[in-house]
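Visitor: Numbering (my numbering), first residue to last: -7 to 244.
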């Protein structure tokens, strides 16, 4: 049985972790390096850090806090936001990131996925997909959830797998920050389209929500609000999952 992963997500803006609802109304949640280290000590399997700032100086800012996080962690972490070239991706890996996450730039240039995979290996390339339900399908959004594209989510999932990504971070914008549960229908349908591991994102409000996501096709569950604001501890989540018969790394 494959071990499922619990992954706290840190959205970083202007060097601080923030969290909102439906990608809006952002609140400060702390220092990236300090939070990252605390989650590692609590038993997180991995971390995802996303630079959501659109500043022209994004790359330099990113390098500073990525280095600070890398200095404190011994677990894998993924960095995304503003990566538009394989060289940028390689730079982030060189200063400590284990994986990079592509989103907006990959939609504009799908070959970027292949270039990064060729340079770093597929295992180091995550494609983040932000979606909203539109009728009976899900549409892909870019630019931090501000721009709707014509892409159908399930079609895009198939394409990014063919381009060589090693993992998909699938976020339901409808569920983001609501604590009302993941979009299980989305996860079930997405898992039918790909053999690439899916990280469920958007809507975690309880350990039960996380269990449902992992039982609906996700290989990992990402959460932010419930961890940032102390609603749940990672240990509590893993104990609940273990009791449900879901294989997780409990730690020593």
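Where a beta carbon is used, it is the ideal one built from N, C-alpha and C, also for glycine.
Quick caveat: nothing in here was measured; it's all calculated off a predicted structure.
(1) Buried or exposed for residue 163, please, with buried defined as at least 16 other CB atoms from any protein chain shown within 10 angstroms of its CB.
(2) Would residue 69 pass as a contact of residue 37 if the rule is Cβ separation under 7 Å?
(3) Do you know how far the Cα of residue 222 is from the Cα of residue 240?
(4) Given a cut-off of 7 Å, decide if residue 78 and residue 111 are closer than it, judged by their beta-carbon atoms.
(5) Compare the Cα-Cα distances from residue 65 to each of 72, 81 and 32 and report the closest residue.
(6) Report the rounded CA-to-CA distance for residue 149 versus residue 216, giving the unit in angstroms.
(7) Could you tell me whether the region 103 to 110 touches the region 126 to 146, using the rule of 3 or more Cβ pairs below 8 Å?
(8) State the start and end residues of the unbroken beta strand (DSSP E) segment that holds residue 190.
(9) Within the region 172 to 220, note down every full alpha helix (DSSP H) run reaching 4 residues or more, in order along the chain.
(10) Using the beta-carbon count (16 or more within 10 Å), is residue 214 buried or exposed?
Guide: So, to answer that:
(1) Its Cβ being crowded by 16 or more others within 10 Å, residue 163 is buried.
(2) No, these two residues do not count as a Cβ contact at 7 Å.
(3) Computed Cα separation, rounded: 21 Å.
(4) Yes, the pair counts as a contact, with Cβ atoms nearer than the cut-off.
(5) The shortest C-alpha separation from residue 65 is found at 32.
(6) One alpha carbon belongs to residue 149, the other to residue 216, and they sit about 23 Å apart.
(7) With the cut-off at 8 Å, the region 103 to 110 and the region 126 to 146 do not touch.
(8) Per DSSP, residue 190 is one residue of the beta strand (DSSP E) stretching across 190 to 193.
(9) Taking 4 residues as the minimum length, the alpha helix (DSSP H) runs contained wholly in the region 172 to 220 are 176 to 185, 199 to 206 and 217 to 220, in order along the chain.
(10) Of the other Cβ atoms in all chains shown, 16 or more fall within 10 Å of the Cβ of residue 214; this residue is therefore buried.
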